[in-house]
Structures are given as structure tokens and as C-alpha cells.
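J.: Residue numbers (our numbering): 8 to 310.
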Amino acid sequence: MSVFEKETVQNLLSLRGPQKDLVTVNHDTSLSDTLAKMADENILCVPVIGKEGEIEGLVDLYEIMSYVAWSRSSDEPTRFEASSVHLEEDVSSLLGTRGNEVDDERKSLWNVSDDDSISKVCEYFGKGVYRLIVKSDPPSLISHTDLVRYFDEKWDILGEGKNDTVQSANLGARKVISVKRSTNAAQAFRLIRIKEVHAIAVTDDAGKLLTTLSASDLRSVTVDSLDDLNLDVEHFLRKRFEGEFRPAVCCTASDDIRSVVNQIVKEHIHRVWVIDAEGKPSGVVSISDIALHLFNSSLKEDA
8 MSVFEKETVQ
18 NLLSLRGPQK
28 DLVTVNHDTS
38 LSDTLAKMAD
48 ENILCVPVIG
58 KEGEIEGLVD
68 LYEIMSYVAW
78 SRSSDEPTRF
88 EASSVHLEED
98 VSSLLGTRGN
108 EVDDERKSLW
118 NVSDDDSISK
128 VCEYFGKGVY
138 RLIVKSDPPS
148 LISHTDLVRY
158 FDEKWDILGE
168 GKNDTVQSAN
178 LGARKVISVK
188 RSTNAAQAFR
198 LIRIKEVHAI
208 AVTDDAGKLL
218 TTLSASDLRS
228 VTVDSLDDLN
238 LDVEHFLRKR
248 FEGEFRPAVC
258 CTASDDIRSV
268 VNQIVKEHIH
278 RVWVIDAEGK
288 PSGVVSISDI
298 ALHLFNSSLK
308 EDA
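1. Any idea what DSSP makes of V256, helix, strand or coil?
2. So, are the CB atoms of V183 and S39 less than 7 angstroms apart?
3. Considering I164, what are the terminal residues of the beta strand (DSSP E) in which it resides?
4. According to DSSP, is I201 helix, strand or coil?
5. Is DSSP giving N118 helix, strand or coil here?
6. Taking S150 as the reference, give the member of I294, F302, L306 and L301 with the closest Cα.
7. Leaving out five residues on either side along the sequence, give the residues of the same chain with a beta carbon under 6 angstroms from the beta carbon of R23.
8. List the residues that DSSP assigns as beta-bridge partners of C52.
9. Below 7 angstroms CB to CB, which residues in the same chain sit around V240 once its five sequence neighbours on both sides are set aside?
10. According to DSSP, is L220 part of a helix, a strand, or is it coil?
11. State whether the region 134-148 contacts the region 240-259, with contact taken as three or more CB pairs (one from each stretch) at a distance under 8 angstroms.
12. Within this structure, are the beta carbons of L19 and Y131 separated by less than 7 angstroms?
13. Residues in the same chain with beta-carbon distance under 6 angstroms from V267, minus the five sequence neighbours each way, listed in chain order, please.
14. State the DSSP-derived secondary structure class of T31, mapped to helix, strand or coil.
15. Can you find the residues in the same chain that come closer than 6 angstroms, C-beta to C-beta, to V10, ignoring five residues on each side of it along the sequence?
16. Using 10 angstroms around the beta-carbon of G341, count the other beta-carbons present and answer buried if the total reaches 16, otherwise exposed.
17. I'd like the list of long-range same chain contacts for R105, defined as Cβ closer than 6 angstroms, with 5 residues on each side in sequence excluded.
18. Which residue or residues does DSSP assign as beta-bridge partners of L148?
19. S232 to V92, Cα distance in whole Å?
20. Look at the Cβ atom of D97, then the Cβ atom of D35, and state whether they are nearer than 7 angstroms.
21. Between the beta-carbon of F302 and the beta-carbon of C52, is there less than 7 angstroms?
22. What does the alpha-carbon distance come out to for the pair K44 and R245?
23. What three-state label does DSSP hand T210 in the structure shown?
24. Smallest Cα separation from I71: which of S304, A222 and E249?
25. Could you pull out every residue in the same chain whose Cβ sits closer than 8 angstroms to the Cβ of D262, ignoring the five residues on either side in sequence?
26. Does DSSP classify V186 as helix, strand or coil?
27. Using a Cβ-Cβ cutoff of less than 7 angstroms, which residues in the same chain neighbour G286 once the five nearest sequence positions on both sides are dropped?
28. For the alpha helix (DSSP H) containing K265, name the first residue and the last one.
29. Relative to the C-alpha of L68, which candidate in V55, I276 and L42 has its C-alpha closest?
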């Protein structure tokens, strides 16, 4: 029996240290107030409490990004029009708006118990689920960050898959979606939604990797700063991060998985870009990719 079967969700939660109360919003909270609360609490996702007092669903910055980025003026299709964004709408209006298979099954995929095995978490995250509600008292959320923290702590007792390189594990094989740093920010966020990814690479004119744009970069956006989406990607990000243009975290195909996990933990990120000899992005390795690889490797060893 692999470590993923032996250990439970409670083992994941124990690595966090003291538990904080789960931050939630009511179903009739406005999108504006939801964004503000997420910024204040420095979180990417918030459970929505329904009329019956139960968790009705999860709304994260991806849904909010999708809603905001698709607003545009009717007479200038390429321009983002802040006045067309109705952030006074209830946050519950965004529940289940992705319309993909994961969301159709979302109700059944949301929940795990604290005594469920970590293998169940790996399965869900491998399907593209980003967060799970833990049915405990009080309830809590677990995310990819919790899982990669667990990998980091338990590395020595994981299966043989941990010894692979990015290439030998066939990670980073997905096609990279990228934009130039001069691309309009709103158009870049629309591309994230169209391609159904959570982040895209930002390159220079020669195609060399510079940084990352993801839904989380909308975390500090407010009603008053929505017009910033008409900036190009570089200046949008510089404004978000007080003038800083943060370099992308990257690896090569020959790097071992352990070094990739180290970078994810150290930088508090969800993905690492794979670059070629010219510094151009050729792939991306996410926490869910690593989780699925380690989990599948453990299953083969148990067979």
C-alpha cells in the first residue's frame, strides 16, 4: 500500500500549523465586496454560503477574471470598457459558469472527509479540480498548495516516480499558450478563458520567456482600477506589483522533479515553465501534473 493510501486528508491539514477560520461570503454579497475581501484576506478562492446556510459553491479568481475580461464596449471591440462591468451583481451569479466537465460534476468533486486518503485528493486534483471542501467541524479548504507542501515534507517515502526528470516523467508536454508583453491585458485574460488554462507565458518579441500572467493577478483589482486592463501586460503587471516585473520561474526538461517541487514551494507558485536552450517556453509543469505522476507511479508499484 502506497503512502497516498495510508495517509489521510488530516495529514495534509496538520502540515499547516494552527488552523484559521474559513473565510466565506454570503450568496448575495456583491462581486465588488467579494474581490475586496479576497484581497484583504490574500486568498484566491472563497466558499459561497447559500440561503440555507450551507456552502453553495466556490468562486475563485478564475470565474471573476472570466466575467471581468469579457466586458467590452460595443463600438470598440478590442477595448475593455470598465463601465460595462457590473460588480454590484451577487457573487452567486458566477457559480458554475465555467461550463466544462469538471463544473458539471462539481458538487460531487467538492467534498472530502478528513479521514479520506490522499490518493482521493490526488485523483480529484488530477482531473483539474483546484480546491476541495473538507467536511469537518469546522469545514476547511485544501488546495494544490497543501498537496505540494505534503510532497515536500514526505519526499523520502514517496514512490520511485519521485526520481524522474521532467522529461522522463513526460511532464511539460502540453502546448504553451503565450502572449507578448505588449499584448493588451484584457485580451490576454480573455485568452486564458478561451484556452481554459489558468496561466499563460509572457514573452519578449523574440519569444523568450519573461513572466507569467494568471487569474491571480486580478486579486488586487478594484472597481476604481478596472481601467488598468487597457494597459499592456507588462505595465498592467508592473502596476499590480509596485513597478516590479517578476521573472518567470522555469526549469529544463532534464531537471529532476524534486528541483521543480523545491521551486514551487520556495516561490509559492502553482506552475513552473519548461524552457529550451534559447530561453523560449516549451512546456509547463503544474502541481496537478506532479500529483498525478506521483500517484500513478505509486499505483504501478502496488500492482
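The beta-carbon is built from N, C-alpha and C at its ideal position, and this holds for glycine as well. Just so you know, these numbers come straight off a predicted model, no measurement behind them.
T.: Result, derived from the coordinates:
1. coil
2. no
3. Unbroken run through I164: none, as it is neither H nor E.
4. helix
5. strand
6. I294
7. none
8. D67
9. V186, R188, T190, A192, A195, V209 and L220
10. strand
11. no
12. no
13. C258, V279 and V292
14. coil
15. I164
16. The question about residue 341 has no answer, for the chain in this structure spans 8 to 310.
17. At R105 the pLDDT is 44, less than 50, meaning the model places this residue with poor confidence; the figure from the coordinates comes in the next sentence. Correct list: empty, nothing qualifies.
18. I140
19. 12 angstroms
20. yes
21. no
22. 22 angstroms
23. strand
24. A222
25. T172 and V173
26. strand
27. K215 and L216
28. Before going on, a small fix: residue 265 reads as Arg here, not Lys. Counting along the chain, the alpha helix (DSSP H) containing R265 begins and ends at I264 to E274.
29. L42
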